[in-house]
Structures are given as structure tokens and as C-alpha cells.
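*Asks:* The structure under discussion is supplied below as C-alpha cells; questions concerning it will follow.
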Amino acid sequence: MAKKPATPLAYLMDMLYIQGSQLARTVHVDRTIISRWRNGRVELGPKSPYFEEIIRAIVKVNREQGLNTLERFFSSLEPGIAVDTEQDLESCVSRWLVDKEFEAKYADKERGNSLYTATYKIYKGITGKMDALDDMFDTLASLPKGEIFWGYDADSRIFKQSNNDTRKIQKRFLEAEKNKTKLMTMFYLNRSQEEIYNMFEYWLPILLSTNAEAYYTYDVERPFYDYIFSIKGKQTLVGINGTNGDTYSAIYTDPMSQRQFDNFLKRHLENFQPLTKNLGSRVVCSDFTRENMEGFNRNDTDQYVIATSMSFLSSGRSIIEGILMDLCLSSEEEHSLIDYYDNCRVGLGQFLSEEKYTRIILSLDYIKSLAQRPVIEVPVFSALLKRKVEVAGKHIIKELVSFLKFVKSDPKVQIALRPSASPELIENLNIWVKEGAAAYFHFDNDLSTRIVTEEFAAVNTFYTMVDKYWEQLPYDSKDKEWVYDQISKISGEKL
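Using this note's numbering, the letters of the sequence shown map in sequence onto residues 1 to 495.
The following block contains the structure:
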């Protein structure tokens with residue numbers, strides 16, 4: 001719980017979350033002097049040569065935070081008081097700092113409580129920031145499903161360091177998403193290419209979530225707080241990275257602070273643009289002819305495909321015959337699946353480039369599992385028929401074999417087979433990326449929802465990410481003859 005402030009200065013510093021070292025740097029005094037003023041050992045008054053500078057520093061922090069904290073506070077003390085200009089606020093702060101009866105003014109006469117009680121817990125250092133985020137996710141895990149977790153990290157310093165701590169927090173984001181938490185993130189892209197790459201490498205698994213919304217800005221003006229994460233209406237984590245590398249984080253739990261930070265984030269979001277969006281169609285092949293995706297598809301550039309858990313490339317209609325024989329379908333359902341394969345066959349001709357290469361990464365473990373499992377759910381079929389649809393794994397393998405035969409003699413199509421037990425770029429990831437667009441196919445939550453981004457920095461980052469992953473694959477796994485031999489052994493068909 002917040003301590004009872006000893007002086008009017010301490011009250012305003014607590015209210016605005018001003019560190020003593022921060023105020024000392026602003027007015028150019030030693031932090032011990034700030035400490036003495038704060039705890040009342042030395043009186044701060046108009047005769048002090050730093051009095052006016054302290055006032056201006058407090059008003060400046062209030063303006064940079066953008067929360068109108070001082071305006072709200074002084075208006076609650078004296079309704080109708082002028083708080084419209086900085087001069088008005090400076091006058092209010094000046095009177096407040098020398099008021100001997102300040103406690104009586106901010107106390108609720110009926111309850112004896114402060115009109116503004118900022119209840120918070122402080123965390124220091126980069127590890128403290130990790131601990132604060134961890135505590136936030138513990139709170140989130142204890143709440144019912146469907147909470148909103150939103151915010152930004154304008155610095156993203158800790159997210160650029162690939163270590164166990166950052167991966168741990170990344171997993172907490174993913175756990176929250178699986179608990180139906182809506183994640184809303186805001187990105188500052190006014191940074192170097194390397195920083196953008198590191199930042200998106202951290203966030204990509206989270207961006208793939210169907211419960212996530214991402215927004216971006218190139219605004220060069222950094223906000224007062226370097227990072228804010230909020231469980232909307234419940235709890236807020238705010239933090240500042242000091243000039244000397246010090247990091248201070250605080251979790252606020254009092255209702256007044258929560259309302260202010262939520263209002264701030266709402267206004268803050270107005271300056272950002274959507275980074276990702278849902279294409280809307282629930283049939284994979286249809287997306288390649290929808291809206292602006294058709295234009296991207298016709299853009300003849302190099303492209304990558306990672307098909308970890310599903311191949312959305314189908315080369316013919318022969319596969320559907322075996323599937324239709326296994327399933328008990330109505331006439332209408334049969335037509336839906338046949339139309340789907342017809343669309344895929346046409347879409348494949350548009351998808352494969354005439355001049356540029358297409359590199360496709362398949363999963364050896366997944367293909368082996370298809371041969372070992374009697375039936376497997378096909379997400380696209382489930383979406384089409386609006387019920388769970390399972391087919392024999394052998395049919396999925398036949399579909400893959402059909403596609404591989406179709407592209408075998410095409411030198412522009414390169415196939416890689418990720419070796420057994422080798423690390424995935426991202427778990428269960430299916431992605432198509434080329435210059436101009438990136439589309440994600442992810443089936444953990446909504447079986448066939450796609451997200452696309454057109455923002456150059458993000459697309460370029462995802463493209464580079466997959467390109468690096470391709471380059472680090474073993475040489476044999478990218479040898480076409482070896483790949484075809486492995487799949488021939490599994491399928492029992494000569495390729």
C-alpha cells in the first residue's frame with residue numbers, strides 16, 4: 001500500500017510517479033537534497049533558489065504523461081479553479097507546496113482517506129521489469145477469460161535480448177492468449193533495422209494469435225513512460241528507463257490511477273495504424289483472390305512458404321475422390337469440397353512464380369505422423385462444412401505427393417524438409433511471405449483464420465527471418481533428390 005506522504009512535495013511526486021533522481025537531474029541538484037525536501041527534513045519554500053524550478057519540473061512531467069493528473073487533482077480539491085494553462089497549474093502547485101494544511105485538503109472528511117491514493121509496488125532494474133511483467137501475468141491468470149491486456153514498449157530493450165528471461169515472458173503472453181485474453185500491442189518503428197528485426201522476432205509468435213491486435217507508428221516523439229502494460233480496468237504496469245541505465249517499474253492497482261492510464265492508452269492508440277488484420281475468409285484458397293491479396297499474389301517476387309502442420313497447396317482433383325469415399329457427405333457438402341479443390345488448382349498456377357523462386361519448408365516429423373495416424377482433422381474442411389471433419393492421414397500424404405510431382409521439374413521451386421526433432425522457427429507455424437505481403441496460417445485457436453500485414457518494415461523483417469531460417473537448415477535437407485527420396489519412403493509412392 002502507498003505510504004502516507006510526509007510533505008506536499010512527496011504527495012505530488014507519488015501522484016506523478018516522479019523518482020527523486022529524475023527530479024534531481026531536472027533541477028540540477030543532488031538527489032539527497034530532493035530526499036530532504038521530500039521527507040521534510042529541509043523545508044522547501046519560496047525562498048529556496050530551486051522553488052520555481054521544482055514547480056516547472058512537476059508541471060512538465062504532468063504534461064509529458066498526458067494524463068491530466070494535476071488538472072484532475074486540483075479540480076477535485078477546489079471545483080471551478082482555473083487549471084487550463086501551465087501558468088494556472090504552476091500557481092496551483094506553488095500554493096500546494098507551501099500549504100501547511102495540505103493533509104486536511106486532500107483527505108476525505110467522511111472517511112479520512114486521501115482523495116488521491118496511488119497504490120503501487122516498485123520494481124527496479126531490468127530483472128525488476130521482468131518480475132513486474134511476471135506478476136501482471138499471474139494476476140491475469142487468476143482472472144476470468146476474456147480480459148483485455150494492452151499497452152506498448154517504446155524502448156523494447158529487454159525484448160531484444162534473447163535469453164531465458166525474455167523467452168519466459170514471451171511464453172506468458174502466449175499462455176494469456178490461449179486463455180482467450182485479447183492482446184493489443186503498439187509498436188514504435190522509428191528504430192534501426194536490427195532493432196526492428198529483434199523486436200519482431202520476439203513478438204511474431206504473439207502476432208500470430210487470432211486474439212491479438214497490433215498497431216504501429218513511426219512517430220519519433222517518445223512518450224513519457226517508456227512502457228505501459230495494462231489489464232484493462234484492473235491493473236497497470238508503467239516504467240521508465242533512466243539515463244544511467246536504471247529501469248524503474250511500478251504496478252498500480254488503485255481505481256483512479258487505473259482509469260487515468262486506461263484513458264491515456266485509449267488516446268495513445270489513436271496515433272497508431274493497424275499492423276495486422278484478419279482477411280475474413282475461412283477457406284485458404286479463397287484468400288488468394290480476395291481484396292488486395294490477389295495483387296500481392298500477382299507480384300512476381302521471391303517467396304517462402306513454411307507448411308509445418310498443413311499444406312495449403314493442392315495440385316489436382318484426384319485426391320478428393322478418396323476423401324469423398326471415406327466421408328458420409330450430403331450432396332451440398334460434396335460440392336463444397338470439390339469447389340475448394342478446383343479453386344486450389346487454379347490458385348496454384350497463380351501462386352507459383354514464373355521468374356522468381358519459391359522455397360517451401362515441410363516438416364518431416366509431421367509427414368511421418370500422418371502415416372502413423374489413422375485419422376486427422378482437416379481444419380479447412382471443418383471450416384467449410386461447419387463441423388469437425390477427420391480424414392485418413394494417407395490422403396493428406398497423397399495430396400503432398402501430388403503437389404511434389406507437380407513441381408518436381410520446376411527449377412524455381414525449391415523444397416526443404418526440416419529434419420526430425422530439429423527446432424522450428426515458431427511452433428506450429430504456417431506462413432507465406434514475399435515482398436509486399438506476409439500471410440499467416442495458424443490453427444491453434446481458430447482453425448483457419450488468416451492475418452496479413454502490408455507494412456514494409458514488418459514484411460521485410462518476416463521475410464528476413466524466414467530467409468535466415470532457410471539458410472541455417474542442413475544442406476541435405478534442402479537437396480531435392482534427398483527430400484523426394486524421404487517422402488517416397490513414407491508414402492510408398494515413387495516420386
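In this text, a Cβ means the ideal position worked out from N, Cα and C, and glycines have one as well.
Bear in mind the structure is a predicted one, so any value in this text is a computation, not a measurement.
Taking all protein chains shown into account, do 16 or more other C-beta atoms lie within 10 angstroms of the C-beta of glutamate 110, making it buried, or fewer, making it exposed?
*Replies:* Residue placement at glutamate 110 is flagged as unreliable, the pLDDT there being 43, under the threshold of 50; a coordinate-derived value is accordingly withheld.
*Asks:* Around the C-beta of glycine 233, are 16 or more other C-beta atoms found within 10 angstroms, so that it is buried, or is it exposed?
*Replies:* exposed
*Asks:* Between the beta-carbon of tyrosine 508 and the beta-carbon of asparagine 190, is there less than 8 Å?
*Replies:* Past the edges of the chain, shown from 1 to 495, lies residue 508, and the structure says nothing about it.
*Asks:* Exposed or buried, what is glycine 151 when buried is set at 16 or more other beta-carbons lying within 10 Å of its beta-carbon?
*Replies:* buried
*Asks:* For arginine 172, which residues from the same chain have a beta carbon less than 8 Å from its beta carbon, with the 5 sequence-adjacent residues on both sides left out?
*Replies:* Leu133, Asp134 and Phe137
*Asks:* Between the Cα of asparagine 430 and the Cα atoms of Ser420, Ser363 and Ser369, which residue gives the shortest distance?
*Replies:* Of the listed residues, the one whose Cα sits closest to asparagine 430 is Ser363.
*Asks:* Does the segment 179-187 come close enough to the segment 236-256 that 3 or more CB-CB pairs lie under 8 Å?
*Replies:* no
*Asks:* Does DSSP classify glycine 492 as helix, strand or coil?
*Replies:* Of the three classes helix, strand and coil, the one that applies to glycine 492 here is coil, per DSSP.
*Asks:* Rounded to the nearest angstrom, what separates serine 336 and leucine 385 at their Cα positions?
*Replies:* Between the alpha carbons of serine 336 and leucine 385 lies a distance of about 8 Å.
*Asks:* Let me confirm a value: aspartate 153 is counted as buried when at least 16 other C-beta atoms fall within 10 Å, else exposed. Which label applies?
*Replies:* The residue is buried, with at least 16 neighbouring Cβ atoms inside 10 Å.
*Asks:* By the 10 Å Cβ neighbour count, where 16 or more other Cβ atoms means buried, how is isoleucine 122 classified, buried or exposed?
*Replies:* Exposed.
*Asks:* Is the segment 387-405 close to the segment 421-430, with three or more CB pairs under 8 Å?
*Replies:* Taking 8 Å as the limit for Cβ pairs, the verdict is that the segment 421-430 does not touch the segment 387-405.
*Asks:* Please report the straight-line C-alpha distance between serine 420 and tyrosine 202, rounded to a whole angstrom.
*Replies:* 24 Å
*Asks:* So, with DSSP's three-state summary, where would you put lysine 182?
*Replies:* strand
*Asks:* Does the beta-carbon distance from arginine 56 to glutamate 90 come in below 8 Å?
*Replies:* yes
*Asks:* Which runs of the alpha helix (DSSP H) fall wholly inside the segment 358-426 and span at least 4 residues, in chain order?
*Replies:* Whole alpha helix (DSSP H) segments, 4+ residues: 364-372, 379-385 and 393-407.
*Asks:* Evaluate asparagine 271 with the Cβ neighbour count: other Cβ atoms within 10 Å of its Cβ, from every protein chain shown; 16 or more gives buried, anything less gives exposed.
*Replies:* Exposed, by the Cβ-count rule.
*Asks:* What are the partner residues of glycine 151, as DSSP defines its beta bridges?
*Replies:* Thr185 and Phe229
*Asks:* Just to confirm my understanding: we take threonine 185, look at its own chain, exclude 5 residues before and 5 after, and list those with CB closer than 6 Å. What are they?
*Replies:* Within the same chain, threonine 185 has close Cβ partners Ala214.
*Asks:* Go to glutamine 19, then tell me how far its alpha helix (DSSP H) extends in each direction, as first and last residue.
*Replies:* Annotation for glutamine 19: no alpha helix (DSSP H) segment contains it, and DSSP assigns it neither H nor E.
*Asks:* Who pairs with tyrosine 248 in a beta bridge, going by DSSP?
*Replies:* Paired residues: Lys124 and Ile240.
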